[in-house]
Every structure is written in structure tokens, then in C-alpha cells.
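Below: one structure, written as C-alpha cells.
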Amino acid sequence: MKLFTTQHRRLGVLYLLLSLAAVAIGTLLSLVMRIHRVWPDTPLPIIGLLKPEDYLALVTMHGTLMIFFVLTIAPQIGFASLVLPEQIGARSMAFPRLNAAAFWIAVTALLVLLTAFFVPKGAPIGGWTSYPPLSAIPAAGPGEGAGMDFWLVSIGLFCLSSWLAAVNILATILGERRAGMTWSRLPMTVWAWLVTSILTLLAFAVLLAAIVLLISDRHFGSSFFVPAGDLINGRIVGRGDGSPLLWLHLFWFFGHPEVYIAVLPGMGLATSLFANFGRRRVRGYPVMAAMLIAIGFLGLIVWGHHMFVSGMNPYAGTAFALTTMAIAVPSTVEVLGWLTMLWGGGLRFPTPMLFALGFLSFFIAGGLTGPILAQPALDSYLHNTFFVVAHFHMVMAMAGTFSLFAGIYYWFPLMTGRLMNETLGKLHFWLSIIGAWGTFFPMHFSGLAGEPRHYDRLTGPATSFSGIIANERGITSAALFLAAAQLIFLWNIFRSARRGRPAPPNPWQATTLEWAPEPPTRRIERGPYEYEIAVNEMIFTPQWESASKQE
Amino acid sequence: MPAVLLEALCIAQSHLWMPPDASLHGLAVDRLMRWNLIAICICFLVAHVWLILAVVRKKQRLKVQDNRGPRRQLLAAGVIAALCAMYLWMAVTAQHLWAQNRYAGPSLEAMQVEVVGEQFQWYFRYPGSDATFGSTRPALVNAAEGNPLGLNPRDPRSADDIVSSVLVLPAGREVDLRLRSLDVIHGLFIPSMRLKENAVPGLVLHVHFTPTTPGTYPILCSQVCGLGHARMQAILSVVSPAEFEAWLAARERARAKESGPTEPTAP
Numbered sequence: 009m010k011l012f013t014t015q016h017r018r019l020g021v022l023y024l025l026l027s028l029a030a031v032a033i034g035t036l037l038s039l040v041m042r043i044h045r046v047w048p049d050t051p052l053p054i055i056g057l058l059k060p061e062d063y064l065a066l067v068t069m070h071g072t073l074m075i076f077f078v079l080t081i082a083p084q085i086g087f088a089s090l091v092l093p094e095q096i097g098a099r100s101m102a103f104p105r106l107n108a109a110a111f112w113i114a115v116t117a118l119l120v121l122l123t124a125f126f127v128p129k130g131a132p133i134g135g136w137t138s139y140p141p142l143s144a145i146p147a148a149g150p151g152e153g154a155g156m157d158f159w160l161v162s163i164g165l166f167c168l169s170s171w172l173a174a175v176n177i178l179a180t181i182l183g184e185r186r187a188g189m190t191w192s193r194l195p196m197t198v199w200a201w202l203v204t205s206i207l208t209l210l211a212f213a214v215l216l217a218a219i220v221l222l223i224s225d226r227h228f229g230s231s232f233f234v235p236a237g238d239l240i241n242g243r244i245v246g247r248g249d250g251s252p253l254l255w256l257h258l259f260w261f262f263g264h265p266e267v268y269i270a271v272l273p274g275m276g277l278a279t280s281l282f283a284n285f286g287r288r289r290v291r292g293y294p295v296m297a298a299m300l301i302a303i304g305f306l307g308l309i310v311w312g313h314h315m316f317v318s319g320m321n322p323y324a325g326t327a328f329a330l331t332t333m334a335i336a337v338p339s340t341v342e343v344l345g346w347l348t349m350l351w352g353g354g355l356r357f358p359t360p361m362l363f364a365l366g367f368l369s370f371f372i373a374g375g376l377t378g379p380i381l382a383q384p385a386l387d388s389y390l391h392n393t394f395f396v397v398a399h400f401h402m403v404m405a406m407a408g409t410f411s412l413f414a415g416i417y418y419w420f421p422l423m424t425g426r427l428m429n430e431t432l433g434k435l436h437f438w439l440s441i442i443g444a445w446g447t448f449f450p451m452h453f454s455g456l457a458g459e460p461r462h463y464d465r466l467t468g469p470a471t472s473f474s475g476i477i478a479n480e481r482g483i484t485s486a487a488l489f490l491a492a493a494q495l496i497f498l499w500n501i502f503r504s505a506r507r508g509r510p511a512p513p514n515p516w517q518a519t520t521l522e523w524a525p526e527p528p529t530r531r532i533e534r535g536p537y538e539y540e541i542a543v544n545e546m547i548f549t550p551q552w553e554s555a556s557k558q559e
Numbered sequence: 566m567p568a569v570l571l572e573a574l575c576i577a578q579s580h581l582w583m584p585p586d587a588s589l590h591g592l593a594v595d596r597l598m599r600w601n602l603i604a605i606c607i608c609f610l611v612a613h614v615w616l617i618l619a620v621v622r623k624k625q626r627l628k629v630q631d632n633r634g635p636r637r638q639l640l641a642a643g644v645i646a647a648l649c650a651m652y653l654w655m656a657v658t659a660q661h662l663w664a665q666n667r668y669a670g671p672s673l674e675a676m677q678v679e680v681v682g683e684q685f686q687w688y689f690r691y692p693g694s695d696a697t698f699g700s701t702r703p704a705l706v707n708a709a710e711g712n713p714l715g716l717n718p719r720d721p722r723s724a725d726d727i728v729s730s731v732l733v734l735p736a737g738r739e740v741d742l743r744l745r746s747l748d749v750i751h752g753l754f755i756p757s758m759r760l761k762e763n764a765v766p767g768l769v770l771h772v773h774f775t776p777t778t779p780g781t782y783p784i785l786c787s788q789v790c791g792l793g794h795a796r797m798q799a800i801l802s803v804v805s806p807a808e809f810e811a812w813l814a815a816r817e818r819a820r821a822k823e824s825g826p827t828e829p830t831a832p
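Line by line, the protein sequences give chains A and B. Every letter in the first sequence is one number past the one before it in the numbering used here, and letter 221, counting from 1, is 229. Every letter in the second sequence is one number past the one before it in the numbering used here, and letter 54, counting from 1, is 619.
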């Protein structure tokens, strides 16, 4: 495959391959963490005995890789690059060269990030949120020197890349729609990308600003985030009188919308897949689209729920708790929309549909712990415990990843002209869903028991957490199982890409335009989900058919 | 059989549940947590039963008879309204508790203790007989010479300040913690007291609570603060008021002996 290309579908594949590389590394890191947590004194092959700072470096890099390079890239620009232009009847993205530039910036960002492992004292240890002063002062810990600089440069570049990608998506949706592709004829994925690209523009701009300020604190003598008299490692480092809380506000103003950037495209895709494999229309399409917008809008004003115990004014805690609780409403409407859509029987279950159902299961399970964590009174026990880890791995990581799998199995024919192997796909789904539930569900209980995040071992000077060791071992086994199941996926991808069954035109009998046999030449006159139910018969009208054609 | 089940439940409760509450406000927190978890468990189960039924249903209804439309819409609106009512109820009850715990300051009789986090140790300072914390300066911090918090020796108010590595509190008396950090952000987490608040450099934050049950409880750091984060733990020892008085008096005597010679003579 040509590497330097401005062709959007090829770039989509390249973006997905970039995410695949990141997710592979991120998963390996998490396995080392899981094994170390339950057998902290057992040397591991190759790496040897893990030091506490090594564990924290793994946590930081795992989170950074997964959130930025997997869950931001793949569902948004990865899939959008793959199918967005076709879905709206355009010939290409609005700015093909910008798309290529954004991709290569993202590749550079990934390489810069991984370099942090190999600099003296290794990768940063402050977690993916990089709270200062730990992240502002190199002396505050190993990895906070050169490693942290690499992290900052990498994420700075990543902001730029995402920003360019979002500009491109937005311009494509707003300006490149084919005649007749009205707002009510957009596939739900396009609505999702519209919202995420706006969120990206707003959120990543703020993150980039925060990163520039932090770099300035580290190298140019400013003191945005370091308070006066801050004493690190026996030396007073605070120059001016900055505020660590400022970083938290800037970071979470980005960090919360980021979650929706990761999961909204999955919501759009699930809607499309439920319609397709249920052969039914999307009831309440305008409501479903409006709820995506509502989630995106509310997502911008809830960042303070990450800060209930940060020292933020308790009144602000109340305000953020209420806006956060409000998000439950559009999310509930979406979930009820899907559940009613699925009712009625006669669903078909090819692999993409299975993964879309898996997405829904995790979205419900992870979503429901949201209202609990949105309550400051409960969060002041649960904050930064494994309950939170369980929550966001369910609702963002697993729901996100399952929607990615759904998309890859679904759109694979567009990438390679072949279908993925269904038997392996179904095996992959069942092993993954068992492994994922086994990994992340028990984490709720470790969290309720009070186990904090970022602990490299359970036993400490004042506590042993001996009661949760069995639980933790179970989690580790399930995580190994889950990771092993992904080998089936990798094998399936690489084998099907070369030897898979050639895909017939429109293999899923879909209605949206990416499956049109040739680019449409006339006005679009149909909605995105014109499926009908009939006995032993597929009745559906693709968007590329004209309105006058008899059904 | 029920006995076995009950036992299993107890084991599960002791380890995979919150540790027993030992604070006054914790009762309400636990009650809220329990009801919330039950509520979301029910929602979770209903949604998944629905999902599984939808998946296994073979028969597909043909499009014809759709006179149930309005009734369905009403049902859907009812479900949404019920769930919204649940969220509203969650928000209101939780805010009520949050307001109780955090809006108002401690009572005037609350005992004052300062909690200082530094990489990777918690220190607890009692104001001593003058009931006032002496001033501190970062430049004076020197743990090796016995001044981990940088108490100012020229300040007479700090001469009787007691610095402890164990948080000793009398049961039944409200305590007002004055939370600081010398270096990076730490998180004070006392699971049994249902209490968590960050210690942020540059800020002095206050949290208050009343320990009720004598015992020994772990204090953890809940905000990643560097390589020693997981070992940054301390002990909270809740004792009877009489034992507390005895402990405090002993520490005050020891403190007077040690700072006696260097103490500037008060006029």
C-alpha cells in the first residue's frame, strides 16, 4: 500500500493501523501492570523486577496511548477518513493534504511519546493527567525530566493533529455534502462526527494552551502552575505564585469532552448497525441526533466533576454535579432509543452486530455508575479508587473498543474488498466480552474496598488490602484472557486482508452511501435508514436510489 | 443453606465492600451509596434482561398492525420520566449530604489538626496549649533535624506545636483538618472516615468530620505524587477522650522539654 497518500480511504486505513500499533503497545503495558500488581515481588522476563516508578510510568503511558492514540484517533478521524466522504456523497475530504499532514503529525507524536521510554530515567510517572507541580518540576520524580518533556511535545503535536483533523471533518460535513443530502438524511455516524469535531476544536485548543503554559513553567521561568514556596526535594522551586488547580481546570475542560470524542462515533455507528441488522428504521431519528448534540454540549460544562475533592469550592462541586447529572438524561434517551429499536425480534447477528450489542452492554453498565460518581458526597469516597477505573474502562475503553471492532468488521470490505472471517469474528466477540466483563466488572469491588489507583502493590505500611487479593488475581487472569483473545482478531485481520472471502457489492444490504456500487451522480432523495420488514425478503432502499423508484 | 449464603455475603461485605464506617457522617454516606447501588443494579438488570430477550426473540412482527404507536410513546415517555425522577432524586439527596458535609464549616468546639503531605509522608500538627498554629517557612524545612514542616523557631506560637506521624483523635469530638502540601498534590484518603480531599501546595483546605468508633484505621494517599505514592500511608488512631488527653499531655511534655532551651522567653 502506498504510504504517502492523500486519498481519504487509504488515510483512514493508515490511521487505523496507527491506532492498532498504539493499542497493541498499550495492552502489553497494561498486562505488565496487572501481573505486577498481584505478584509485585516476582521478576518478569526481560524487564526484571519492576520498581515503583516503572509501574507508574507504565500507567502513564498506557493511559496516554489508549486515550489519545487509540480512542481519539480511531473512532473519529480513522473512521471518518474511511467513510465520511462517501457517506455524504462527497468525492473526498474537504482538505485531502491537510488530512495527510494531520496523519503524519500524529505518527510523529506517537514516536515522540514512545521515545520517552528510552530517555534517561524513563517515561513520566504522573499519570495521563500530569498534575503539576509533579509534572512541572523535573526533580519531583524520575521520568519528570526528559521523559515529561517528550510527553508534552508529543501531546502538543497530537493536539495540533487532532485539531487539523477536526477542521477537516467539520469542513467536509458542512461544505461537501451532495445535493439533497439534507441534515435529516445524514447517517447517525455523521451527526456524531459533527459533534466530536466541534468538541475537538474547543477542547484540544485548551489542552494545547495548557501544555504550552506547562512547557513554559518547566523551561522559561514562568510559574503558572507552581505556587510560591513550593519545596521539592529540599529546594524551593516556586518562582511566582501559580496555582496547580489552574492546570486541573484547563486539563479537565479538555479531558471530559475527550470522553465523548471517544464514544460518540460509537453511538452513531451502533444506531446504524442496529437499523441495518434489525432491518428497521430509526424511530425518533431527530431525537437521537439531538441527543448526540445535547451530550456534546453538556459534555463541555461538566469538567469539574473530576475535581470534587481537588480543593475546588464546594458550591462549584454542586453546580458541576447537577450539570453532570443532566447528561444522564440524553444518554438515557439514547439507550432507550436503542433498546426499543432492538425490540421486535428477528435480528441478524453477524460479527459487527454482535460487537455493537457488546458496545451497548458496556455503555449501559459503565454509564450507570456515572450518576454515582457524579455525586460529590459519594465521590469523596470513590474518587481515584478502582471504582472509577472500572467506570471509565467500561464506558469509554470497552464501549469504545467494541464499537471500533464493530466498525472494523463492518467496513472491512471497503478497506480490502474482502470480508473478515465470520467464525473467527464470532469467537473473537464471545471471548472478548467474557474477558472484558471478567476484567472490569470486579474492579468495582476493589474500588468499593477503597483500593486507590496508581498503587503498584496492594500491601502498604498501613494497609494490606489482603481481602481483595483474590479479586485482583481474578482480574489479572481475565485481562490476560482478554488480551489473548485479541490474537484471534489480529490473525483474522491479516489473513482476511489477503485471503478472505471477496465481498459482494453491498455485503450487508446497507442503505448508506459508502456501500454504493459507484459514486452517486444524482441528487440524494432518501433517508439513511429505509429498511422495511417483510417475510423472508430483504426490502430496503439505499440512499443512492432515486425517490421515484418503486419499492 | 441460607446461613451459608449469609456467611458468603458477610465475607463479601468485609472485603469487597467499603470498610466499616467509623465516622458520624459516614452513616448517611453509606446509606446513600447502598440505595444508589441498588437503584443502578436494578436499571442494569432490567436493561440487560430486555437486551437478552430482544436478542433471543425469533419471530419478527410484520409492519401492519401499528396502532400501538401512541401507547408505546406514552410508555417510553413514562420510562424516561421515571428515570429522570430517579436522577433528580439522586442529585437532591446527594447534594443535601454534600451541603451538610462541606458547605458549613466545623463547629467552634472542633479540634484543630493540621495535615501536611510531602513526598512521601503525612505529618499531623497539633496546635498545643496556645491553640494556635505557629508560622512555618518552606526554607526552614529540615526533616533530618526534626523540623519536617519548617516551624519557625522565632515564633513563640510554634514552640508548643506538636508534630506527629500518627493522627491520634478522640472519639466523638469533631475535628477540623487543615490540609496543606509542601511539594506536589497529594490526596488525603481515610476510607473508614469516608473522607477524601486533596492536599494542594499553595492552598490551605479545610475538611471536618467526627470519628465515632475507637480503632486503628489506614490513611492513604489517593493522588499520584511520585515514586513513593503507594507507600505514602499513615495511621489514624481513634481513642477514648481520656486516652487522647493522656497522649496529648505526654507529647506536650516531651515538646516542652525539647524546645525549652531554645524557646525565646515570653515576656
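For glycine and all other residues, C-beta sits at the position ideal for the given N, C-alpha and C.
Neighbouring residues, chain B, relative to residue i (Cβ below 7 Å)
i       : result
L341(A) : Correcting the residue identity first, residue 341(A) is Val in this sequence and not Leu. Correct list: I645.
Q383(A) : M655, A659
S251(A) : G767
DSSP bridge partner residues for residue i (one or two, in chain order)
i       : result
M676(B) : V740(B)
L52(A)  : G56(A)
I583(A) : Absent from the structure is residue 583(A), since the part of chain A shown begins at 9 and ends at 559.
A298(A) : The partner list for A298(A) (beta bridge, DSSP) is empty, contrary to what the question assumes.
F548(A) : Y539(A)
E683(B) : Q686(B)
S588(B) : P776(B)
R243(A) : I240(A)
R426(A) : P510(A)
P460(A) : T393(A)
Residue i to residue j span [Cα, whole Å]
i       : j       : result
Q665(B) : G591(B) : 12 Å
P252(A) : A656(B) : 29 Å
T332(A) : S694(B) : 46 Å
V267(A) : E710(B) : 48 Å
L422(A) : H264(A) : 32 Å
M651(B) : L106(A) : 47 Å
A612(B) : G354(A) : 19 Å
E540(A) : T519(A) : 11 Å
F125(A) : L64(A)  : 12 Å
S109(A) : S169(A) : Contrary to the premise, residue 109(A) reads as Ala rather than Ser in this sequence. Near 8 Å, if we compare the C-alpha coordinates of S169(A) and A109(A).
P146(A) : R226(A) : 8 Å
H452(A) : V46(A)  : 17 Å
Contact list for residue i against chain B, beta-carbon separation under 9 Å
i       : result
N479(A) : H580, L581
Residue range of the beta strand (DSSP E) that includes residue i
i       : result
C786(B) : 780-786
Bounding residues of the alpha helix (DSSP H) (the contiguous stretch that carries residue i)
i       : result
I81(A)  : Here I81(A) belongs to no alpha helix (DSSP H), and DSSP marks it neither H nor E.
F453(A) : 451-456
Q686(B) : First-last for Q686(B): 686-691, but that is the beta strand (DSSP E), not the alpha helix (DSSP H).
A799(B) : First-last for A799(B): 799-804, but that is the beta strand (DSSP E), not the alpha helix (DSSP H).
C790(B) : Element bounds for C790(B): n/a, residue is neither H nor E.
I43(A)  : 16-46
Proximal chain A residues relative to residue i, where beta-carbon distance stays under 8 Å
i       : result
Q798(B) : G468, P469, A470, T471
L747(B) : D238, L239
I727(B) : Within chain A, no residue comes near I727(B); the closest Cβ sits about 20 Å away, beyond 8 Å.
G793(B) : P60
Proximal chain A residues relative to residue i, where beta-carbon distance stays under 7 Å
i       : result
L714(B) : Result: empty, since nearest Cβ-Cβ is about 11 Å, beyond 7 Å.
W615(B) : L347
Y668(B) : P322
L662(B) : A385
K822(B) : Within chain A, no residue comes near K822(B); the closest Cβ sits about 28 Å away, beyond 7 Å.
N763(B) : V317, S318, G319
Partner residues on chain A for residue i, Cβ-Cβ distance less than 9 Å
i       : result
V594(B) : A385, L386, S388, Y389
Original post:
Can you list, in chain order, the stretches of the beta strand (DSSP E) that have 3 or more residues and sit fully within the stretch 693-772 of chain B?
Top reply: Listed in chain order, the complete beta strand (DSSP E) runs (minimum 3 residues) inside the stretch 693-772 of chain B are 727-729, 731-735, 740-746, 751-755, 760-764.
**OP:** Go through the stretch 339-421 of chain A residue by residue and report every complete run of the alpha helix (DSSP H) that reaches 4 residues or more, in order.
**Re:** 359-381, 384-390, 394-400
Original post:
Whole alpha helix (DSSP H) runs in the stretch 149-227 of chain A with 4 or more residues, listed along the chain?
Top reply: 154-183, 196-227
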